[in-house]
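So, in structure tokens, the structure goes:
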């Protein structure tokens, strides 16, 4: 028996329904009749019960190819799933409770983490936004207009600059560069003459600069006059004269250009919806956390936190990325 992913959920509803409603209930409500059917207890293990609805929901999550491994007919599939999965899980859970495994580490932490994740999922499911597609076009348009700089990128030029102390030195460096305008020669000139120690080892490469002098390289921004001077030459050419920059003079080689780009509202819509969905979901989760913190967090002893010893790196315990690994774990300093 084969099932398509589209029809499988419907098939599950049919395969568990012992008497599926084909007409309205006496009160005229088919929904009430189906709710009563789903509420019937199908399996009891110890103090735990599993309803018809519980089984339907779990079976509906199984991919068709996996469901087929439980049997060739609907009766075989449902019976095998209940026996091999549902009953097995409940029996093992009961055994864990008898041994009080749910009260020991790391199981206790795993249970807490599962509850934490379930709380966030439930919060998202109850929220107004089920997915990014629920973000309205009015919100998308407003965000697009308020953040045009994120979607419109100006032309950027890649400049290699040798910053010299004096104009005379810059003139000499420029003359040498003109005689042999190659990357190895320019690198040598930058190492020998540039006073910008942040870039002189890489030929004075400033990255791709916007008209305001901001670079795509982190923490790099130069005088916009350099970009303006480079606009007078073509890619691959030297600016004909040194350009004053601060207390020094810059020899500029325009290497290449990235043209300006403009993303339309239609092109930016998927990204905007994803961004707004993430921002609003995070805001809702923060609000929930603030409410839960105000209600449940009673005390945090900062003094005791100072004496907590982290495990050594070879202990096999992975720490969150935000927590630096200790070089050496040991007892607290008693001084």
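Numbering (our numbering), first residue to last: 24 to 358.
Ideal Cβ positions, reconstructed from N, Cα and C, are used throughout, including at glycine.
Note the first and the last residue of the continuous alpha helix (DSSP H) segment covering residue 172.
Residue 172 -> alpha helix (DSSP H) spans 171-174.
Whose C-alpha, out of 211, 177 and 156, is nearest the C-alpha of residue 183?
Closest by alpha carbon: 211.
Does DSSP put residue 288 in a helix, a strand or coil?
helix
Cβ-Cβ distance between residue 286 and residue 162 below 8 Å:
no
So residue 187 and residue 269 are supposed to be a Cβ contact under 8 Å. How far apart are they, rounded?
So it is not a contact: roughly 11 Å between Cβ atoms.
So what does DSSP say about residue 47, is it helix, strand or coil?
Model confidence at residue 47 stands at a pLDDT of 48, short of 50, so the residue's coordinates are unreliable; what they give is reported in the following sentence. It is coil, neither helix nor strand.
Return the residue from the list 302, 231, 151 and 206 that minimises the CA-CA distance to residue 224.
It is 206 whose Cα lies nearest to the Cα of residue 224.
Can you look up residue 242 in the DSSP assignment and give me helix, strand or coil?
coil
Residue burial classification, residue 324 (beta-carbon count within 10 angstroms, cutoff 16):
It is exposed - the Cβ of residue 324 has fewer than 16 other Cβ atoms within 10 Å.
Between which residues of its own chain and residue 243 is the CB-CB distance below 7 Å, once the five residues before and five after are set aside?
229 and 230
In its own chain, which residues sit with a C-beta less than 7 Å from the C-beta of residue 347, not counting the 5 before and 5 after it?
Reliability of the predicted coordinates at residue 347 is poor, the pLDDT of 46 falling under 50, and the value obtained from them is presented with this limitation in mind. Within the same chain, no residue comes within 7 Å of residue 347 by CB-CB distance, once the 5 residues on both sides are set aside.
When you compare each of 69, 177, 103 and 329 to residue 284 by their alpha carbons, which one comes out closest?
177
So, do the region 64-80 and the region 108-120 have three or more beta carbon pairs nearer to each other than 8 Å?
yes
Have a look at 55, 267, 198 and 185 and flag the residue whose alpha-carbon is nearest the alpha-carbon of residue 220.
185
Helix, strand or coil at residue 141 [DSSP, three-state]
helix
Please classify residue 290: is it buried, with 16 or more other beta-carbons within 10 angstroms of its beta-carbon, or exposed?
exposed
Can you list, in chain order, the stretches of the alpha helix (DSSP H) that have 4 or more residues and sit fully within the region 156-239?
160-169, 171-174, 190-202 and 206-216
Distance check for residue 254 and residue 190, CA to CA, integer angstroms please.
Spanning the two alpha carbons is a distance of roughly 21 Å.
Nearest-angstrom Cα distance between residue 73 and residue 119?
19 Å
With respect to the alpha helix (DSSP H) encompassing residue 118, which residues constitute its N-terminal and C-terminal limits?
Segment 111-121, the alpha helix (DSSP H) holding residue 118.
If distances are taken between C-alpha atoms only, which option among 136, 97 and 181 comes closest to residue 227?
Shortest Cα-Cα distance from residue 227 to any of 136, 97 and 181 involves 181.
For residue 402, list the residues DSSP reports as bridge partners.
Outside the shown range of the chain (24 to 358) lies residue 402, about which nothing can therefore be said.
Straight-line Cα distance separating residue 296 from residue 307
The straight-line gap separating the alpha-carbon atoms of residue 307 and residue 296 is approximately 16 Å.
Kindly give me the distance between the Cβ atoms of residue 380 and residue 288, rounded to whole angstroms, as I take these residues to be in contact under 8 Å.
This structure gives no information on residue 380, because the portion of the chain shown stretches from 24 to 358.
Are the beta-carbon atoms of residue 179 and residue 232 separated by less than 8 Å?
The answer is yes: Cβ separation under 8 Å.
Can you look up residue 347 in the DSSP assignment and give me helix, strand or coil?
Residue placement at residue 347 cannot be trusted, given a pLDDT of 46 that sits under 50; the coordinates are not used to answer.
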